[in-house]
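Using the working numbering, the letters of the sequence shown correspond one by one to residues 79 to 234. One structure below.
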Amino acid sequence: MGRDPCGDIVGRRGGKRVKISFLRDALILIFCVRAGLAAADLDFCLKTAVLNNHGLLLAAEDIKISKLKLEQVGSMFRPKLSLGAYYDYYSLDYPSVFSSSLGAFNLQEASDNLYGTRVTLTQPLYTGGAVSTLEKQASQKLLDSGNMLAAEKNRR
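Right under this line is the structure:
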């Protein structure tokens with residue numbers, strides 16, 4: 079009987095069993111590492127195939143476009159705020175009178191600058207169903223694009 083490196087007393091057959099067990103474990107480890115590399119290669123190949131598939135790329139772009147159109151249509155329901163500012167300089171002989179369409183007022187001699195601001199808030203109250211129809215069409219286009227992408231993935 080001999081002593082193995084771990085300090086246990088083993089017979090001749092026990093030493094062979096340890097060697098066989100070690101060899102078996104080493105082979106399993108090598109196989110698993112190679113299988114992992116093969117799986118990594120398979121993942122790489124799948125990603126490359128997906129990136130090079132024009133049908134999948136077009137379907138993905140259609141989905142992005144449909145989402146943007148749906149967001150754009152949704153913004154039509156919200157109010158719009160417009161801000162504006164202006165400055166006018168005029169040089170007229172004094173005293174000057176504007177026409178009656180502007181209210182027929184006299185300009186003061188010292189004022190040759192005109193400043194103004196404007197704030198406008200617009201909220202559509204009724205559009206005849208146009209906005210809601212556009213929203214339904216955009217939602218349907220998004221669903222169709224998603225279905226086309228799924229069909230293209232399943233076809234490959």
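All C-beta atoms in this analysis are idealised placements derived from N, C-alpha and C, irrespective of residue type, glycine included. In this text the structure is predicted, and so the values were computed from the model without any measurement.
Nearest neighbour of residue i, chosen from the options [CA to CA]
i: Leu203; options: Arg156, Lys231, Met226; result: Arg156
i: Glu230; options: Leu136, Lys214, Asp121; result: Leu136
i: Leu227; options: Lys214, Lys125, Glu139, Glu149; result: Glu139
i: Glu213; options: Gly133, Ile143, Ile108, Lys147; result: Lys147
i: Asp222; options: Ile108, Ser144, Gly152, Val151; result: Ser144
i: Val151; options: Thr211, Arg233, Gly224; result: Thr211
i: Arg233; options: Phe122, Glu149, Ser160, Gly133; result: Gly133
Coarse secondary structure for residue i, derived from DSSP in three states
i: Asp121; result: helix
i: Gly207; result: coil
i: Asn41; result: Residue 41 lies beyond the range of the chain shown here (79 to 234); nothing can be said about it.
i: Arg156; result: coil
i: Gly162; result: strand
Whether residue i touches residue j by CB criterion (8 Å)
i: Tyr164; j: Asp190; result: no
i: Ile106; j: Leu220; result: no
i: Thr200; j: Gly162; result: no
i: Val209; j: Met154; result: yes
Alpha-carbon to alpha-carbon, residue j and residue i
i: Ser217; j: Leu120; result: 36 Å
i: Asn131; j: Lys125; result: 10 Å
i: Asn225; j: Gly206; result: 30 Å
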